[in-house]
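In UniProt numbering, the protein residues as written are 1 to 403.
Every residue, glycine too, gets a C-beta built ideally from N, C-alpha and C.
Since the structure is predicted, the reported quantities are computational estimates derived from the model, not experimental observations.
Input: a single structure, listed below in structure tokens.
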Ligand SMILES: [Fe+2]
């Protein structure tokens, strides 16, 4: 296939009825994959991990700290994530970029400066462990560590989306455009707001705020969709497309399983527990049906992470609290809102299918339909932890009137 003279590879028409091309091939590197590799700080690829503090940190000259990329299975091409350490008494390099970026503080205390253009008004706000804040698209920002100990921040971005679409990182970091629709010089821009309003799509509790000072301990409104007493809010930050929520299961109770496609990553905020995830095709009773070995499990605590749906197709996932305190998690989706389905005409009927039970047309498995292994294991785990079990037996009984 090589030209004897130039060494160039030629394309040859298939012979007879052979089909053109390789037939099978490896998933190619995306522009974002190449970007991550060139940064040279290492990439965690997997289902998840117990604690972000376990990731190795490597010198990151562009950022001015140490860091590690996180690309959990199922998030490839959908959104980006990394952990960065801000040196003690130091700061990360100032930067701007046309992708969205949110930060969750896993450890430390400091300030962030945000400004739109050289010499323009500068916002400065404080953060601590548990703070969540967002940087408006293409605004300069500088993360400063106020203490004599390193600070650790988890970042979520839309960098893969922009890099893979445009294929030009120079433009992404040096675009001369002010997104005045995302940034405001108003003094209250980083003043936390606790006002709750219905989100415009599903009518769930939403907080319009560019900073949440403490996602570990802040109030969460009642939701009831995932478990009895479940609390939840969606922070809507700096006009972002990046979708996320904060949720909390009561002590002694656990989430119903539900299925959807990949993008969602859960980050532990309070309590500790485990997440099971399995392909939807294994059905609602994978252990009973002898497929328990294909169910994947990640145990995690505060600032551990797990991919809810690690494959491309729909996966069930279910979250269990094994501590004597509520189980609080944050779910990050990147710009992949679970109810913004491409290929649907405006006004086409949608259902909040991850909140509806299977017999209601959703994908949630009601407790009475779930694999009995789950209840047994949950009860044993709680007994060992000395926590009260608050799953009433009636929740495992089929409601009257259902076939
Ligand atoms: Fe989910």
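*Using the beta-carbon count (16 or more within 10 Å), is residue 101 buried or exposed?*
Taking all protein chains shown into account, residue 101 has 16 or more neighbouring C-beta atoms within 10 Å of its C-beta and is therefore buried.
*Determine contact between the region 202-214 and the region 302-312, defined as no fewer than three beta-carbon pairs at a distance below 8 Å.*
As far as the Cβ criterion goes, the region 202-214 does not touch the region 302-312, which means the pair count is below three.
*Assign residue 285 to one of three DSSP states: helix, strand, or coil.*
coil
*Would you please state the rounded distance, in angstroms, between the beta carbons of residue 330 and residue 387? I believe it to be under 8 Å.*
Not a contact, Cβ separation roughly 22 Å.
*May I have the straight-line CA-CA distance separating residue 397 from residue 89, to the nearest angstrom?*
In this structure, the straight-line span from the alpha carbon of residue 397 to that of residue 89 is close to 58 Å.
*I think residue 336 touches residue 243, with their Cβ atoms under 8 Å apart; what is that distance to the nearest whole Å?*
7 Å
_Shorter than 8 Å, the distance from the beta carbon of residue 260 to the closest heavy atom of ligand 1, or not?_
For residue 260, the distance from the CB to the nearest heavy atom of ligand 1 is below 8 Å.
_Collapsed DSSP secondary structure at residue 169 in the structure displayed_ = helix
*residue 297: which of 374, 9, 200, 188 sits nearest, CA to CA?*
Put simply, of 374, 9, 200, 188 the residue whose alpha carbon is nearest the alpha carbon of residue 297 is 374.
*Which class does residue 37 belong to by DSSP, given the choice of helix, strand or coil?*
helix
*Could you tell me the distance, in whole angstroms, from the CA atom of residue 69 to the CA atom of residue 204?*
31 Å
_Tell me whether the region 75-87 and the region 127-139 touch, counting them as touching only if at least three CB pairs, one residue from each stretch, are closer than 8 Å._
no
*Reducing DSSP to helix, strand and coil, say where residue 208 ends up.*
strand
*Return yes when at least one heavy atom of ligand 1 lies under 8 Å from the C-beta of residue 249, else no.*
no
*Would you be able to state if there are at least three C-beta pairs under 8 Å between the region 266-281 and the region 312-319?*
yes
_If distances are taken between C-alpha atoms only, which option among 206, 280, 236, 400 comes closest to residue 222?_
Ranking the options by Cα distance to residue 222, first place goes to 206.
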